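Residue numbers (this note's numbering): 3 to 523.
Below is one structure, written out as structure tokens; comments come after it.
This is the structure in structure tokens:
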């Protein structure tokens with residue numbers, strides 16, 4: 003019988019030791035927040051019987067592990083003080099300043115006085131999105147809060163487990179994915195998967211265990227062969243990792259492959275991490291001299307990166323020992339981004355460090371598109387610290403659903419899922435700017451994604467230089483140009499084929515305004 007896992011010894015200094023180069027002022031802030039939160043929650047217990055402070059510590063540690071600064075770590079420690087133990091906003095601001103207060107308020111759920119049941123739940127989500135649209139760190143705190151909560155879900159009453167797990171799977175895991183936080187996305191997915199689809203979870207787990215037994219030794223042979231040949235061909239200073247596919251990711255992929263496990267080639271992957279982009283391509287060439295690549299299975303996400311900033315080269319080769327094997331090539335910086343996504347860039351800004359010069363030019367392109375304001379210093383109304391502006395899609399998430407009437411729970415969640423967490427395409431403006439949209443979006447969705455004025459005056463569209471109808475479904479990589487006319491106005495018919503809530507919202511507003519002007523409303 004194995005010994006139970008020993009609980010980590012918690013202390014402010016242990017937490018500080020995880021942080022990235024904290025200053026003395028940083029250490030003082032974290033120690034103060036640690037003592038304040040520990041005292042405020044001293045009589046507070048979790049459903050498991052553990053001290054409630056364990057949850058706050060885990061949240062703050064998660065933020066420190068992704069190199070968030072002292073203000074964010076302190077807010078992680080304090081994020082439940084207003085909600086659960088009656089500390090007032092005035093007290094928190096007096097002790098820790100308005101920046102920490104803003105972050106804590108952004109994560110705090112609504113009380114039950116105004117909203118109840120599903121309405122309270124939905125309004126809390128919407129308020130989170132609004133706060134996130136002002137400062138992305140609010141969402142990072144919430145994601146780490148949710149990560150620990152879902153890891154201890156077994157202690158929550160069973161009548162609440164399903165809702166929490168489903169919300170994690172449909173909202174928070176996709177949010178982590180959109181922010182490029184691959185490791186966190188997988189963790190949230192797999193932890194909630196077993197509660198939402200327990201039978202499917204067990205089935206996927208059995209498939210992975212069997213595959214590990216059957217292919218594990220053969221994959222080691224393939225990996226060692228590749229390592230030896232990379233060294234012989236002058237690829238220096240590389241390291242290797244083995245990557246196992248997440249259980250929920252496998253489940254979703256099997257759905258797309260009609261449950262044919264033989265069509266899944268990336269249950270296990272070999273990852274080659276090198277120093278430079280040039281080494282990525284050199285290593286790819288070495289792999290292709292050893293084994294034949296499968297047609298259509300070479301994916302260059304360095305030249306054509308994903309909308310969330312993910313960069314790597316993937317290839318699937320046919321080996322004698324293990325059959326088809328996926329191999330991934332990336333630099334150390336790309337590996338950091340793939341794990342921590344947007345947080346890896348916030349960490350550089352908060353610490354004042356600079357990216358490696360060789361990576362900086364390639365790295366900044368997607369980052370400028372994602373968070374333009376982080377690349378310049380802007381004064382904050384809350385403090386002299388950097389106020390991290392979120393990606394445009396987060397702002398859209400807040401504004402597209404910010405209506406006076408509270409929608410039905412299922413309507414609100416479905417709209418969010420359809421708009422922001424469905425499969426994505428990315429198309430281009432004639433100037434080469436990337437526009438990220440849901441699959442099946444039309445030129446009208448594209449126009450409104452650029453600006454509401456362009457959408458409201460859309461008269462026609464062309465794709466790759468050819469005129470198309472406004473109900474044409476856009477495809478990945480297309481160049482879209484919108485023709486506008488001053489007297490053009492939205493048509494009610496557009497509502498039949500637009501995909502995004504933002505477009506529907508503006509079309510409805512324009513149609514209603516026109517009806518009022520015509521005296522028909």
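Glycine included, each C-beta is placed from N, C-alpha and C at the ideal position.
This one's a predicted model, so the numbers in the text were calculated from it and none came from an experiment.
Secondary structure of residue 155 (DSSP, three-state): helix.
Here DSSP, grouped into helix, strand and coil, assigns residue 37 to helix. The DSSP-derived three-state label of residue 277 is coil. Closest in alpha carbon position to residue 145, among 436, 46 and 188, is 188. Between residue 313 and residue 339 the beta-carbon gap is near 7 Å, inside 8 Å, which marks them as a contact. For residue 439, the uninterrupted beta strand (DSSP E) run begins and ends at 436 to 440, by DSSP.
Residue 13 sits exposed, since fewer than 16 C-beta atoms from the chains shown fall within 10 Å of its C-beta. Residue 218 and residue 196 have their C-alpha atoms spaced approximately 25 Å apart. Setting aside the 5 residues that flank it on each side, residue 36 is surrounded in the same chain by 14, 17 and 79, each with a C-beta closer than 7 Å to its C-beta; the list follows chain order. Comparing alpha-carbon positions, the option among 66, 319, 67 and 44 lying closest to residue 83 turns out to be 44.
Taking C-beta separations shorter than 6 Å and ignoring five residues to either side along the sequence, the partners of residue 475 in its chain run 442, following chain order. Inter-segment contact for the stretch 223 to 230 and the stretch 309 to 328 is present: three or more beta-carbon pairs are separated by less than 8 Å.
In the DSSP assignment, the residues bridged to residue 326 are 320. In this structure, the CA atom of residue 159 is about 25 Å from the CA atom of residue 186. When DSSP states are grouped into helix, strand and coil, residue 314 belongs to the coil group. When DSSP states are grouped into helix, strand and coil, residue 302 belongs to the strand group. The beta carbons of residue 426 and residue 445 sit about 17 Å from each other, so the pair does not count as a contact at 8 Å. Take residue 76, set aside five residues on each side of it, and the residues of its chain with a beta-carbon closer than 7 Å to its own are 31, 32, 35, 98 and 102, in chain order. According to DSSP, residue pairing for residue 284 in a beta bridge does not occur. Note on residue 235: under 16 other CB atoms within 10 angstroms of its CB, so exposed under the neighbour-count rule. For residue 270, the three-state secondary structure derived from DSSP is strand. Residue 191 and residue 164 have their C-alpha atoms some 14 Å from each other. With respect to the 8 Å criterion, residue 245 and residue 285 are not classified as neighbours on the basis of their beta carbons. The stretch 483 to 493 makes contact with the stretch 452 to 467; the number of CB pairs closer than 8 Å reaches 3 or more. Fewer than three beta-carbon pairs drawn from the stretch 130 to 142 and the stretch 253 to 273 are found closer than 8 Å, and the two stretches are therefore not classed as touching. By the criterion of a C-beta distance shorter than 8 Å, residue 481 is surrounded in its chain by 429, 430, 431, 432, 465, 466 and 467, once the five residues flanking it on both sides are discounted. Take residue 249, set aside five residues on each side of it, and the residues of its chain with a beta-carbon closer than 7 Å to its own are 192, 195, 203, 206, 207 and 210, in chain order. Collapsing the DSSP output to three states places residue 485 in a strand. Residue burial is scored here from C-beta neighbours: residue 307 has at least 16 other C-beta atoms within 10 angstroms and is therefore classed as buried. Scanning the stretch 444 to 469 from its first residue to its last, the whole alpha helix (DSSP H) runs of 4-plus residues come out as 445 to 452 and 454 to 458.
Separation of residue 93 and residue 167 (C-alpha to C-alpha, rounded to the nearest whole angstrom) is 34 Å. The C-alpha of residue 90 lies about 19 Å from the C-alpha of residue 73.
In this structure, the beta-carbon distance from residue 184 to residue 335 does not fall below 8 Å. When C-alpha distances from residue 435 are compared across 483, 447 and 472, the shortest belongs to 483. Shown here, residue 135 sits in coil according to DSSP, grouped into three states, outside any helix or strand.
Measuring C-alpha to C-alpha distances from residue 212 to each of 243, 263, 172 and 255 identifies 263 as the nearest.
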